[in-house]
Structures are given as C-alpha cells and as structure tokens.
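Working notes, structure below.
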Amino acid sequence: NVEGAFSKAFRDQMYIIEMPLSEVPLCISCCPVKGDLLVGCTNKLVLFSLKYQIINEEFSLLDFERSLIIHIDNITPVEISFCVGYVAVMSDLEVLILKLEPGPKNGERVHHNPRKTNNRMRRTEEGISNEISQLESDDFVICQKPLELLGEKSEQSGLSVTLESTGLADEKGKYSHFQHLLYRRFAPDISSYVLSDDIKLHSLQLLPIYQTGSLTSDGKNLSQEKELLSLFCFFSLPHVGYLYMVEKSVELMSVYQYPEKSQQAVLTPQFLHVITSNNLQCFTVRCSAAAAREEDPYMDTTLKACPPVSMDVCALRIQLFIGLKAICHFKNHIILLTKADPEAIPERRQSPK
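In UniProt numbering, the protein residues as written are 1 to 353.
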C-alpha cells in the first residue's frame, strides 16, 4: 500500500517545499490567517498560495502554488508585510499599501495574460530618469519632496502597479484587482548633514485584530473562524515611528518620538516595543481602543468608557540591555537577540604559572 507507507513515513517528520523564483528574493512575509507567502524581488512581489492536498482520510500534504505576481516599477523592497489581501511594501524611503480584491472589478473580465506596460508612461518615466541622471552628472543631487497620499489619492504616487495572474483561471477567491490605500515618501534633511543610515525606514508591520464568533450561554464560541475587525500598519524611521489605521478608513493614528536612535520595533495590540543599541523602550498604543469602537456600538456612552484614539501616546518603561540586535513578538512574549561587542570586552590577563 503506497499511501499507507507514505503517510507513515511523513506523519511525524518535517518536509521541505521548494518554490522556484526567477529572481533573487529580497524579503518574505507570511499571512497570519491563511498561511500564504509573499516574496519580494526587485520591482515585483510574488504570491504563493497555501494549498492542502488530501492523500487519504487520515493524511494530507501542504504545498504552495504561485498564484500572482505584483509588478511595482521603480521600487526595491526592503521589507514587506502581507495579511488577508493587504500588501505593504517598504523601500529605504517609501511605503506603499495595497488591498488585493477577488473577482472582476465592476463586472470587467479578468485577463490572465502577462502584463503590458503603458508605452506613454514608460517614455515619460525614461525621460524623467534621463533628466535626473543628466543633472546628477553635473554635480547636482536631486531629492524628492516628502509626500503623504491617503486612499484613492495614493494612485498619484507615480509608482506603476500591475497584476499578473499565474494560477488557474477558475480558481475561487483569486485576486484579480487592487486598490491603493496609502503612499508615503520621506526625504533626507540635507541641512542636517546626517548619514544615510539615519534616514532609512525599518520595522514595517501589518497588525490585524480579529473578531471571533459570538459567545453562547455556556461561554463557547459559535464560530472559531477569525474575522478581521481592524488592521493597522506601522513603520518607523530611526527617530520617529508612524502608526496608521488602514482597514475601513486610512488615517494616521499616532506618531512616536524616540529619545534615542532606534534599531527595530515590534507592534502588539497593547504596546509598542522599540530597541536601541543599549535599551528596550515600551510605548502605549491605541489599536485596541480603535478596534473596540468598531466592535461595540455602546462604546463611549454612559454604559462603557474607553480612552480616545486621539489621546497622546507615552513611554511606559526603558530597560537597559547590552548589545541589542533584534526583537520579535510571540503571543505574550517578547524575544530579544543580544550580542556583546568584542571590542568592549577587556582582555583577560593570563595568570602567572
């Protein structure tokens, strides 16, 4: 029995899934709800959908199928984040958030042909690029102005985004079109003469808050499926962090000012944790307050009270550490990676024999 031997061999073992790419991957993100993988390459993002292959009644396999390619011209992703169709892309100084949607848009027919770039747009981009290159060759440095575009206005960002379907044409729940949610561009402050590392973005994150099924009289959930209630996006400069609400309305919720240069940050529904070279900082967040207003219509009435979303954030604690390098979050735990600087460790004196 081939199926029986196959299931016994792989039931308690780890197996590796290979996903071929035509270009070098730069970053990767996993959807916390569906398990789909989004891989970032130069000028494009590749989406791999998680599939379940049933071998028999007691055994099934997991596999990934390349279902979509998102072409984004003139951007090299440094970090990406993917959550239930929401895509956040970050370069050194730019952030773009898109929402992928299934089904034809306005009754239009979905095309599964490779993308075709608009020749007029391409000629315009090439002309601007040639002018900038010519000016830079004449000892001029061209810096674009800071820009923030919310909602439909983010289509004016100048980034060309197209979708290329690579999966089956009749696949259910397939992403066929998208809408722009947010575009923000930062620019270096030339007057301060800061180093390039001091103006790069880091710690891009999409934070979902779910609404579970209603409770029965015995305290059990009617439905165990996660339903997205609110979605937030966080990204940070070395000295300033930004928190946006992006699910139903796109707006800036909070701005975080760090007392020191930050290296990495992680956002949770209750706190924002930031690490520097020698300390861990903790800040308040308003994600839970915003989500509570979406779920409970009696919030902010005489029956229930909740802190307003517009309330200023504050630092709660600063804990000293040595050689902080990275931070991550899992459930109610914060995991820190530290590494002592070898130059700071004094040499041990050899004891005389």
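Virtual Cβ for every residue (Gly too), placed ideally from N, Cα, C.
- By the Cβ-count criterion, residue 317 is exposed, with fewer than 16 other Cβ atoms from all chains shown falling within 10 Å of its own Cβ.
- The beta carbons of residue 226 and residue 210 sit about 4 angstroms from each other, so the pair counts as a contact at 8 angstroms.
- Contact between residue 67 and residue 166 holds: CB atoms are separated by about 6 angstroms, below the 8 angstroms threshold.
- Remark: C-beta atoms of residue 290 and residue 230 approach each other more closely than 9 angstroms.
- When secondary structure is reduced to three states using DSSP, residue 148 falls in the strand class.
- By the neighbour-count criterion, in which 16 or more other beta carbons inside 10 Å mark a residue as buried, residue 255 falls on the exposed side.
- Under DSSP, residue 184 forms a beta bridge with 95 and 148.
- Selection 57, 61, 83 and 92 evaluated against residue 74 yields 92 as nearest (Cα-Cα).
- Distance check between residue 341 and each of 277, 300 and 297 places 277 closest, using alpha-carbon atoms only.
- In the structure shown, residue 157 adopts helical secondary structure according to DSSP, grouped into three states.
- Assignment of residue 328 by DSSP, reduced to helix, strand and coil, places it in the strand class.
- Assigned with DSSP and collapsed to three states, residue 289 falls in helix.
- Across the set 269, 260 and 259, the C-alpha of 269 shows the shortest separation from the C-alpha of residue 234.
- A direct Cα-to-Cα measurement between residue 207 and residue 287 gives close to 9 angstroms.
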